[in-house]
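Residue numbers (this note's numbering): 44 to 421. Where a beta carbon is used, it is the ideal one built from N, C-alpha and C, also for glycine. Worksheet for the structure shown next.
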């Protein structure tokens with residue numbers, strides 16, 4: 044296992060860092076955090092022009108066909124700048140579900156506009172219990188008069204408010220171990236579909252997507268009826284891995300901010316980095332960053348290589364990242380004290396993001412339980 048960056052990955056890392064430092068200065072990050080949508084159409088258009096939305100989509104469908112480790116390099120830079128975008132929902136979760144489960148015709152028609160950023164697809168999975176297994180899917184899709192009728196609600200769905208369509212993970216029949224799960228691609232303007240913003244989230248805009256008698260044709264079904272779970276789980280694992288890379292970027296930036304502060308903040312005539320207790324907090328942040336980094340990139344490598352324990356590695360990475368990112372922020376606040384909560388300074392934005400991402404795609408408890416289940420079944 045060699046986790047050193049290739050020349051191509053190094054070039055991507057440099058280009059992404061340069062682009063994001065220009066497009067997302069601290070002032071704009073605050074504006075987006077405070078905005079109602081948290082979305083910048085001009086930034087997303089430029090991301091499409093940079094080719095980032097096409098990273099995981101094969102070349103035959105207008106993409107680059109990059110592997111997950113390379114996409115993780117991009118996500119690390121996005122996380123370092125707190126880049127807000129529907130990339131994970133559209134270009135990872137939805138695109139990979141279509142790629143794994145869709146027909147050739149669906150791939151040809153649906154993936155190219157996702158790859159160039161023209162179409163944004165929200166991924167509607169979680170319901171009221173916000174669990175990430177197949178048993179949590181209760182939104183009903185019943186067969187009526189030659190069509191499917193969808194009834195139910197999805198909760199805490201990012202990007203639904205800016206999406207063109209929604210990938211709805213629904214249940215067409217009862218079953219165990221993912222049987223009966225079907226994916227539908229539903230136009231956001233479909234009769235009976237409503238999107239309502241859910242308030243109270245830190246640095247994120249989450250939405251409730253309600254489907255009240257939404258009628259869709261057979262062409263809206265992505266993959267086999269009742270057999271979509273394997274494709275959904277595959278997409279969730281990939282998305283969890285690159286989300287961890289986003290969290291690595293956040294950890295890295297928090298650590299760098301903290302080290303710089305210990306060198307420039309003078310107390311009792313010397314930089315505060317001279318004091319043992321301050322050094323202890325910096326080491327805590329460093330340990331969290333390193334643990335998050337190496338579990339993440341090992342997991343992405345294992346997914347790329349198709350190794351049998353890749354799913355275990357992904358859950359390990361997310362369990363570590365969920366705790367590690369927030370603990371790194373916590374250590375940074377111990378060092379910064381009062382200035383750390385000044386929104387103009389910027390550390391608090393990372394803390395808010397860390398708290399929200401603790402839970403998205405499964406918190407540490409969920410992933411530790413999943414690791415135990417996977418290892419007991421091996």
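Of the residues assessed, residue 202 falls on the buried side of the cut-off, its CB having 16 or more other CB atoms within 10 angstroms. If the five residues before and after residue 363 are omitted, its C-beta is found closer than 7 Å to the C-beta atoms of 334, 335 and 338, all from its own chain and listed in chain order. Rounded to whole angstroms, residue 125 and residue 140 show a C-alpha spacing of 25 Å.
In the assembly as shown, residue 386 is an exposed residue. Its beta-carbon has fewer than 16 other beta-carbons within 10 Å.
Between residue 370 and residue 414, the C-beta spacing is not below 7 Å. Between the alpha carbons of residue 211 and residue 270 lies a gap of roughly 14 Å. Beta-bridge pairing by DSSP links residue 200 to 250.
Per DSSP, the continuous alpha helix (DSSP H) segment holding residue 151 begins and ends at 147-158. Under the three-pair Cβ rule at 8 Å, the stretch 222-239 counts as touching the stretch 183-197.
Under the DSSP definition of a beta bridge, residue 194 partners with 183 and 255. Per the coordinates, the alpha-carbon of residue 59 lies some 43 Å from the alpha-carbon of residue 256. Three or more Cβ pairs closer than 8 Å define a contact, and the stretch 376-383 meets that threshold against the stretch 293-308.
DSSP, read as helix, strand or coil, puts residue 363 in helix. When DSSP assignments are scanned along the stretch 269-321, the uninterrupted stretches of alpha helix (DSSP H) that are 4 or more residues long and fall wholly within it turn out to be 272-307. Residue 228 and residue 153 have their C-alpha atoms roughly 10 Å apart. Segment contact: the stretch 154-161 against the stretch 95-102, three or more CB-CB distances shorter than 8 Å; contact assigned.
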